[in-house]
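Numbering (UniProt numbering), first residue to last: 1 to 399.
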C-alpha cells in the first residue's frame with residue numbers, strides 16, 4: 001500500500017497562482033503549511049502579476065501562525081506583558097509596579113511603536129549603552145524589564161530568540177560593604193537623641209526610630225521585616241527569648257500599606273535569639289505601648305502598619321548634618337553581618353540575615369578589616385626550615 005505524498009515542510013508553501021480580478025488588479029494565492037501543521041490558503045493583490053506575487057511573498061515571510069495566543073511577531077512591544085505577569089500571580093505587585101514604571105518612563109518612549117519582529121539586538125544594545133550615561137541603576141532595571149518581556153515573546157513563539165541575551169554585559173563598579181564602628185554607633189544614637197528632643201510643629205516625636213534601629217542591630221533583619229513584627233511573633237518569656245521573622249511590609253497603589261505573610265524569600269523565614277538590650281527594649285514597649293488592632297510592635301498612631309518609605313525618610317532627616325549620610329537602614333544589617341562573621345563565621349551571619357547562601361553575605365554585607373588578622377606568630381613557623389633565620393630570631397629574643 002502506497003504512503004501517499006509526504007506533507008509540505010512546516011513554514012513552506014506551494015506553487016503561487018495568479019489570476020486577473022479586473023483591470024489593473026491581480027490576485028496571487030498559494031497554500032502554506034503553518035507551524036501548527038495546518039495548511040491554509042494565503043492571498044495578496046497587486047496592480048500587476050509581479051506586484052501581486054511580490055506582495056504575497058512578503059506576506060508569507062512575515063506570516064505568524066494563527067493561534068489562540070495574543071502575542072505574535074506583529075504585536076507591539078510591551079503589549080499585554082504586564083497583564084500576563086499579574087494574571088500569573090508569581091511576582092509581587094510592588095515588583096510589577098516597578099516594572100510598569102520603567103516600562104512607561106524608559107522603554108515605551110524608545111520602543112513603543114515597534115513590532116516584536118523589529119526589535120533587534122543591535123538596537124537594544126545601543127539603547128542600553130546610552131542609558132549607562134544617565135544611570136547604571138536605570139540601565140540595569142531596563143535590561144531586566146526588556147529581558148523578561150521579550151522572554152515571554154519567545155515562550156509564545158512570537159520570537160525565535162531573546163535579543164536581550166546577546167547585548168553587552170552591564171558593568172557596575174563594585175563598592176566594598178561598609179559597616180558601623182562603635183564610634184559610628186555612638187554618633188547614630190546621639191543623632192537619634194537630638195532628633196527626638198527637637199521641638200517641632202505637630203505631635204512630639206516618639207521613640208520608635210531608636211527602638212526600630214536597636215531591633216535591626218539586635219537581629220540583622222530588613223526594615224520591612226522589623227515593621228511587620230507582631231507581638232505574637234515574639235517570645236520574651238521563653239527560656240531563651242527570641243523572635244520569628246515571617247512577614248514584611250508592602251505598599252502598593254490602590255492597595256495601601258499591608259503586611260505580607262511571607263518575607264523576601266523562603267530562607268528569610270527564621271527565628272533568632274535576642275540579645276539582652278533588645279529584650280529590655282521590647283519588654284518596655286510591651287508595657288508602655290497602647291494595644292493596636294493589628295498586634296504590631298511598631299504601629300502608627302492610628303493603629304496601622306508603618307510604611308517603609310516613611311521610616312527611611314525619617315532616618316534621612318535624623319542623619320542630616322551629622323556626617324552619617326552614608327548610613328542607610330541596610331548599613332545596620334551589614335554591621336550585624338560583619339560582627340557575626342568576625343566572631344563566628346560567614347555561614348552563621350548568612351543564617352542570621354536570612355540569606356540562602358553565605359556567598360551573598362560575604363560579597364555584599366561583610367566589611368573587610370582595615371588590616372589583615374595578626375598571624376605573625378603562625379607565619380613564624382615557616383622560618384624553621386632556615387637555620388640562619390632561626391638563629392637571628394633567637395638573638396632578637398635575647399636582646
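Ideal Cβ placement from N, Cα and C applies to all residues, glycine included.
CB of residue i within 7 Å of CB of residue j, strictly
i	j	result
residue 278	residue 259	no
residue 305	residue 340	no
residue 27	residue 43	yes
residue 141	residue 128	no
residue 417	residue 361	Because the chain is modelled from 1 through 399, residue 417 falls outside the range shown and cannot be assessed.
residue 124	residue 75	no
residue 211	residue 149	no
residue 307	residue 251	yes
residue 120	residue 163	yes
residue 114	residue 158	no
residue 332	residue 216	yes
residue 319	residue 327	yes
residue 218	residue 263	no
residue 376	residue 358	no
residue 91	residue 85	yes
residue 230	residue 273	no
For residue i, three-class secondary structure by DSSP
i	result
residue 255	coil
residue 236	coil
residue 29	strand
residue 245	strand
residue 315	helix
residue 368	coil
residue 51	helix
residue 68	For residue 68, the predicted structure reports a pLDDT of 49, less than 50, and the residue's modelled location is therefore unreliable. A value from the coordinates is still provided. Coil at residue 68, not helix or strand.
residue 269	coil
Distance between residue j and residue i (C-alpha atoms, nearest Å)
i	j	result
residue 294	residue 285	15 Å
residue 152	residue 323	47 Å
residue 23	residue 29	18 Å
residue 134	residue 165	22 Å
residue 206	residue 354	29 Å
residue 14	residue 60	11 Å
residue 9	residue 53	21 Å
residue 38	residue 257	51 Å
residue 314	residue 99	26 Å
Beta-ladder partner(s) of residue i, from DSSP
i	result
residue 299	305
residue 41	31
residue 46	26
residue 105	According to DSSP, residue 105 bridges with nothing at all.
Below-7 Å beta-carbon distance, residue i vs any chain C residue
i	result
residue 279	No chain C appears in this structure, which consists of one protein chain only.
Validate contact between the stretch 97–108 and the stretch 167–175 using beta carbons, cut 8 Å, 3 pairs | no
For the 8 Å Cβ check, are there 3 or more pairs between the stretch 219–227 and the stretch 238–245?
-> yes
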